[in-house]
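For reference, the structure is listed below as structure tokens.
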Amino acid sequence: MSLPQNFHTPSQNHNYLPAVLKENKSGWLIEYYVEHPEKKRLVRKQIRLKRLISRYSTLREARLHISKIITSINIRLSGGWNPFFENEDARFYEKLNVVADLFLKERTKELRENTMRSYRSFINILLSYVNQENPHLICSLFNHSLAIRYMDYIYNDRNVSATTYNNHLKMGIAFFNWCKEKNYSKENPFERIKKKTKVQKKRIIIPKNVRQQITDYLIKTDNIEFLVICKLVYNSLIRPKEILLIKIEHINLKEKYIVIPGENAKNHKTRYCAINDDIINDIQNLNLRKYPKGYYLFGSYLRPSAKPAHVKRAGKEWTKLRKALNLPTEMQLYSLRDTGIFDMLKAGIDDLSVMQHADHSSLDITSIYANHHDPNLIKTISTRAPKF
């Protein structure tokens, strides 16, 4: 098929060539070019006129009718009409990268920055993978087979853990659920893919003597701010990421609590976390009165600031501490929260209170923490268990 001399690659605002009358020896026809939504190039469309012409007694009358048809087609083309879209929603032919941008823009209004950071990372990896094969892939053509190959790439080529694999799968399902809802896709290609079996979390209880080592080290190195963070994780059961988003105005020393707003909480629910007298004393020593109440408690130097510390700052401080004290890698900052829950249950605090304090969704989750290895278990059982 030879293209007309004035053929050109369609631009964003010009994706057709207008209809014209062709008076060929084989018969008259109306011819125009329009962009094919999947091939992304101009494709010729023809309307043969033999039957229409036969209805008129003169060619002049036929020309007048044909002229009106051509004018009508060109008006519709200039208004964005595309015959390939007549039986489908035009959104089914939108490119994946365009849809991904729209998804991120909409979700930014609804989700926390930490969550959005994960989604942006997922989208970047997904598009990078797709662009290697087909940078112009239509969103609705991303099928189950392609999703399987992508997840194989994530697990094998990128060599991620089962947890990271499952997180990618979860975000893929969420992204394409949104695509289905918005009519960019007819199916969710990720939803029939099975999760990987998770390996048990590699975190261990941090006993009292080690916590004392941590306290002594942080006092010696004049890092009271990080000591407060450790105590908030252990005593108040506040997650490290949530701690870095605490503002001075969230702290109520008189009523002995810190409020975690829903937009900052892992479970998206506002909660009030108890703080004991020890933590209250430490916070008072931070001299917060000289800072605006809208300041974050921990900024870039773990001092009050208009901007919060980077989300990974607490983790880096813990790694430095762990190496200095030669602690095992299984002792993570989050282990303090596990230990706090474990110790509260062992101290006789009822399960429901611990569940609420830990911001767990059910008692089943809270009970998991009771199964951590207790180094004093043998001694406790041998001395306190009833005899036969």
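Counting with our numbering, you get residues 926 to 1313 for the letters of the sequence shown.
Ideal placement from N, C-alpha and C gives every residue a C-beta, glycine not left out.
Given residue i as reference, the closest of the options once Cα atoms are compared
{"i": "LEU1250", "options": "ILE955, ILE1149, TRP1006, GLN1138", "result": "GLN1138"}
{"i": "LYS1194", "options": "ASP1202, ILE995, GLU1167, ASN1007", "result": "GLU1167"}
{"i": "ILE1200", "options": "LYS1181, LEU1211, ASN1092", "result": "LYS1181"}
{"i": "GLU1035", "options": "GLY1004, LEU1052, ARG1136, ASN1189", "result": "ASN1189"}
{"i": "ARG966", "options": "TYR981, LYS1107, GLU948, ASN1007", "result": "ASN1007"}
{"i": "THR1089", "options": "SER1043, ASN1210, LYS950, GLU1106", "result": "SER1043"}
Outcome for residue i when other beta-carbon atoms lying within 10 angstroms are tallied against a minimum of 16
{"i": "PHE932", "result": "Because the pLDDT at PHE932 is just 38, under 50, the model does not fix this residue reliably, and the value given afterwards should be weighed accordingly. Answer is exposed; the Cβ neighbour count stays below 16."}
{"i": "GLY952", "result": "exposed"}
{"i": "PRO1253", "result": "exposed"}
{"i": "LEU1277", "result": "exposed"}
{"i": "TYR941", "result": "buried"}
{"i": "ALA1087", "result": "exposed"}
{"i": "ILE1274", "result": "exposed"}
{"i": "PRO1233", "result": "buried"}
{"i": "HIS1093", "result": "buried"}
{"i": "ARG1238", "result": "buried"}
{"i": "GLN1057", "result": "exposed"}
{"i": "LEU989", "result": "exposed"}
CB of residue i within 8 Å of CB of residue j, strictly
{"i": "ILE1048", "j": "ALA1025", "result": "yes"}
{"i": "PRO962", "j": "TYR1018", "result": "yes"}
{"i": "LEU1157", "j": "ILE1118", "result": "no"}
{"i": "ILE995", "j": "VAL945", "result": "yes"}
{"i": "LEU1246", "j": "TYR1142", "result": "yes"}
{"i": "ILE1129", "j": "GLU1031", "result": "no"}
{"i": "CYS1198", "j": "ILE1183", "result": "yes"}
{"i": "GLY1022", "j": "LEU1052", "result": "Checking the displayed sequence, the identity of residue 1022 turns out to be Asn instead of Gly. It is a contact, given that the beta carbons lie within the stated cut-off."}
{"i": "PHE1151", "j": "GLU1038", "result": "no"}
{"i": "ASN1206", "j": "ILE1149", "result": "no"}
{"i": "LEU1316", "j": "VAL1236", "result": "The first residue shown for the chain is 926 and the last is 1313, placing residue 1316 beyond what the model contains."}
Residue(s) in a DSSP beta bridge with residue i
{"i": "CYS1198", "result": "ILE1183"}
{"i": "VAL1135", "result": "DSSP, once it has assigned bridges, lists no residue as partnering VAL1135."}
{"i": "ARG973", "result": "LEU954"}
{"i": "VAL968", "result": "VAL959"}
{"i": "SER1070", "result": "According to DSSP, which records beta bridges pairwise, SER1070 is partnered with nothing at all."}
{"i": "LYS1172", "result": "TYR1221"}
> If we count Cβ pairs, one from each stretch, closer than 8 Å, do we get three or more for the region 1152–1164 versus the region 1260–1277?
Replying inline: Yes, since at least three Cβ pairs between the region 1152–1164 and the region 1260–1277 fall closer than 8 Å, the two stretches touch.
> Three or more beta-carbon pairs under 8 Å between the region 944–960 and the region 970–977, yes or no?
Replying inline: Yes, since at least three Cβ pairs between the region 944–960 and the region 970–977 fall closer than 8 Å, the two stretches touch.
>> Under 8 Å: do the region 981–990 and the region 1073–1087 share three or more Cβ pairs, one atom per stretch?
In response: The answer is no - the region 1073–1087 does not touch the region 981–990, with fewer than three Cβ pairs under 8 Å.
>> Does the structure place the region 1221–1231 close enough to the region 1169–1189 that three or more beta carbon pairs sit under 8 Å?
In response: Contact between the region 1169–1189 and the region 1221–1231 is present, because at least three Cβ pairs lie under 8 Å.
>> So, does the region 1060–1071 touch the region 1107–1115, judging by three or more C-beta pairs under 8 Å?
In response: They touch, by the three-pair rule.
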